[in-house]
Amino acid sequence: SLAAAAAAAWLLPVVGLFLGGVEGVAAWGLLHVLPAPVTAALVLSLALVLTGLHHLDGLADVGDALMARGDAARRRAVLKDRTLGVGATAAVALTLLVSWAALAAAAAAAGAVTVAVLVTAEIGARFSLLLTAVLTPPSHAGSGSVFITAIKGARGAAGIAISLVLLLVAAPLFPSDSPAGGVITVAAAAAAAAVVAAVVSLLARRRFGGAGGDLLGASLEWGRAAVLVVLAAVLS
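Basically my numbering = 1-based index in the sequence shown + 60.
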């Protein structure tokens with residue numbers, strides 16, 4: 061049920077660890093036969109398919125809602141509109157473009173370490189989502205409000221703690237002789253995800269009166285993109 065899924069949402073970083081591992085192994089294999097840009101496109105597509113495009117759908121809705129004129133209630137109404145406009149197209153296209161370019165750069169520089177890149181990116185993305193849920197009140201009744209309410213308090217703290225622990229576990233996977241060591245690398249990734257969560261929370265409060273499921277989906281997609289950009293910068 062929705063309530064049970066929401067109650068277990070503090071385990072999302074573990075899901076990120078699994079998904080990042082699958083994507084990382086796929087990337088490692090593909091890099092043996094394909095150039096980094098093609099590998100990045102295929103692996104990013106895999107990441108989206110594995111989650112059923114659910115979070116990307118939220119990002120598209122947020123893109124359209126941000127273009128809407130009017131008050132918070134008007135923007136929340138646009139979130140429920142199933143038609144897609146230029147805001148949705150731009151939000152999805154720009155986020156995927158940045159994610160793809162950053163992943164391609166990281167893969168070209170990292171080789172086998174791309175496994176660590178994707179594990180860190182997927183854990184960081186869910187860290188961003190959880191932190192957004194912890195920081196932001198629900199904007200209206202719905203599936204998103206069930207999730208946000210369930211993740212407050214001890215569950216939210218546990219999810220954030222698990223995210224940080226798993227990121228530290230991933231740190232040794234990065235080369236110790238790189239300009240930034242593994243711990244510094246994952247710390248920078250966590251900071252990027254936290255900044256995204258803070259910005260989304262502020263945006264949600266000011267433009268929507270709080271967050272719903274769509275804003276949480278956007279925070280995950282933007283969180284992954286931000287982490288990949290940081291990792292590309294560090295590894296390149």
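Glycine included, each C-beta is placed from N, C-alpha and C at the ideal position.
What you are looking at is a predicted structure, and each value in this text was computed from that prediction instead of being measured.
Spell out the partners DSSP gives residue i in its beta bridges.
i, result
"A271", "P198"
According to DSSP, is residue i part of a helix, a strand, or is it coil?
i, result
"S261", "helix"
"S203", "helix"
"A128", "coil"
"V98", "helix"
"F234", "coil"
"H114", "helix"
"R93", "It is worth fixing the name first, because residue 93 is Val in this sequence and not Arg. Note: V93 maps to coil in three-state DSSP."
"D121", "helix"
"S296", "coil"
"L280", "helix"
"G145", "coil"
"G213", "coil"
Just to confirm my understanding: we take residue i, look at its own chain, exclude 5 residues before and 5 after, and list those with CB closer than 6 Å. What are they?
i, result
"A248", "V290"
"P197", "G270"
"F187", "S223, A253"
Just to confirm, is the Cβ distance from residue i to residue j under 8 Å?
i, j, result
"A170", "V177", "yes"
"H114", "G277", "yes"
"D121", "D274", "yes"
"L119", "I183", "no"
"L195", "A151", "no"
Excluding the 5 residues preceding and the 5 following residue i in the sequence, name in chain order all residues of the same chain whose CB lies nearer than 7 Å to its CB.
i, result
"L106", "E83, A86"
"A168", "A96"
If I'm right that residue i touches residue j with Cβ under 8 Å, what's the distance once you round it to whole angstroms?
i, j, result
"A231", "V255", "Actually they do not touch by this definition, with Cβ atoms about 20 Å apart."
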